[in-house]
Every structure is written in structure tokens, then in C-alpha cells.
Amino acid sequence: MSVRVFRSLVIIASCLSGSASLATGRPVMQLASLEWAPYVGKHLPDEGLTSVIVKAAALQAGMDTQISYTPWSRAVQLGQKDPAYAGYFPAFYLKEREKTCYFSGPLGNSIVGLAAVKNRHFDWKNYADLKGLTIGVVRDYANGEEFDAQVKKEQLKLDVAPSDISNLRKLMAGRVDLVVISKDVLRQLLITEPSLKSGQESIIFHPKEIINFSLHICFQRNERGLKYQQLINPYLEKLNLRRIENLYFQQMQSAQP
0 MSVRVFRSLV IIASCLSGSA SLATGRPVMQ LASLEWAPYV GKHLPDEGLT SVIVKAAALQ
60 AGMDTQISYT PWSRAVQLGQ KDPAYAGYFP AFYLKEREKT CYFSGPLGNS IVGLAAVKNR
120 HFDWKNYADL KGLTIGVVRD YANGEEFDAQ VKKEQLKLDV APSDISNLRK LMAGRVDLVV
180 ISKDVLRQLL ITEPSLKSGQ ESIIFHPKEI INFSLHICFQ RNERGLKYQQ LINPYLEKLN
240 LRRIENLYFQ QMQSAQP
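Right, here's the structure in full:
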């Protein structure tokens, strides 16, 4: 399946709650971002799941969307201060960010939890249930205040890896008992990463969440940023985010050889 089919998903998504504007010469909303699959990335189909949502809402508001990719710290700097940009995304909602942002409505969520192998009959209700288990984490990733506090207290046994792919390979090989990962990242990797193909049937994501981050555009905290927020939020509210997510992953699965 071609990228062209994915591009049509922006139109499909925008039509879920009304008719998309197909006129030419629309104004462009410039946003800064990072490479973070499956949410956003220049090499992802239609630039990622979250990009589909942003573009669909912007299209209904009469705008096109252009995304620039840089390391995250640079994306934040550009999105906050450069007058060429409306803002940056996808930003977690944090109370302290309200000083520098007009937040858009939710673009979806990044749910972080634990992946396990199905036949190992794993369950947990509190952090005491994780004692004695080896948990794979990615170096320098924050995994929520509660989890990170347990790590600082040396209550959890960690195995640190450079990437989610490395962690999942260890999980499949039995070198770790659990892996901390985003639910959507896991879903995307099990579809697209050849070395994890056998994990499609054996790896599960436990329903208990470690943390659930809502994702937003952080518009510049000025008159123009407020205007963008007011333009796009009514259309974001009308989008069926869960349906768009399922469509995106269905097309991703269909595109595999």
C-alpha cells in the first residue's frame, strides 16, 4: 500500500465530523516537532498518527500544516520563540507549560505501561508486585513520577537498553521479564519491525497503565498563538480520535509485505 493511500486518511479523518475544505491557497500553520514514531516523523506515512489528527483539524479550519523536524529541545525553542512558527507538538500537558503555551485540545494519548510475554501469566496491581522481576527500560527515558521514584529508591530491578526494539528483543529471548513502553510504540513496532515479527502473537500490553500522557500542540503564548488555538480547537473536539488511530494502524498493517 502506498503512502498516497495514507495521505487520503487526512481527508477521511477531517470528513468524520464534516466536509474537508479542498480549496487551494490556504494559509499554512507551521509547527516544530521531532521524530517520534508512530506519532510524528517525516518518513512515516502521512507524517505520523498525531500529524494526521493535526492536519485534519487544521484542514477543517481552512489551513494547511507544515512540520519542521529537529531534536526536541530545538523544536521547543523554535515553537516557543520563532515568529515563523505557530508552536510545537506533540507536547505533554504539564501545568508549568501553561506559562509558555496556549494548549490545543487533546491530540490523543501516549499510554506508558508494561509489555510481557503472553504465556508467562504476568499480572500486577502495585509496584510491590514488580519486585524480583527484571524490567527493560530505555536509557534516559522518563517513565512517570511514580515509576521513576521507585527506581530512585532502588525498589525495581532494571535492565537498560538503547532502544525499545532492543528491549523487545530481550523480552522475546527471555533476558528480561517485562518492558516499559508506550502502547502505540509497541503496536507500531510489532507491525513494522521485521526482527519482532514473531512477537505479534506472543507480546501483550498489560492494561494497567504506568502513566497516561495527553498530547497537545503548544501554541506560542501571544495573540497569534491564541488565535490558532481558538481556530483549531473546535475541530479537534469533533474528531473521533480512537477511530482515526484504528484506521491508521489498520492501514499500516495492510501496507506490510
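Position 107 (the sequence shown) corresponds to 106 in numbering that gives the first Met the number 0; numbering is contiguous. From the three backbone atoms N, C-alpha and C, an ideal C-beta is built for every residue, glycine too.
Residue burial annotation: N142 is buried, with at least 16 other C-beta atoms found within 10 angstroms of its C-beta. The region 73-86 makes no contact with the region 188-204, as fewer than three CB pairs between them are under 8 Å. DSSP lists S213 as the beta-bridge partner residues of N108.
Taking C-beta separations shorter than 8 Å and ignoring five residues to either side along the sequence, the partners of Q252 in its chain run I190, following chain order. Contact check between the region 234-250 and the region 54-64: three or more CB pairs, one atom from each, fall below 8 Å, which counts as touching.
CA-CA distance, K124 to L177, rounds to 14 Å. Look at F121 here: in three-state DSSP terms it is coil, with no helix or strand label. Restricting attention to alpha helix (DSSP H) runs no shorter than 4 residues, the region 114-161 encloses them at 144-151, ordered along the chain. Residues of the same chain with a CB within less than 6 Å of the CB of Q154, apart from the 5 flanking positions on each side, do not exist. In the three-state DSSP reduction, L77 falls in the helix class (H, G or I). In this structure, the CA atom of N108 is about 17 Å from the CA atom of E34.
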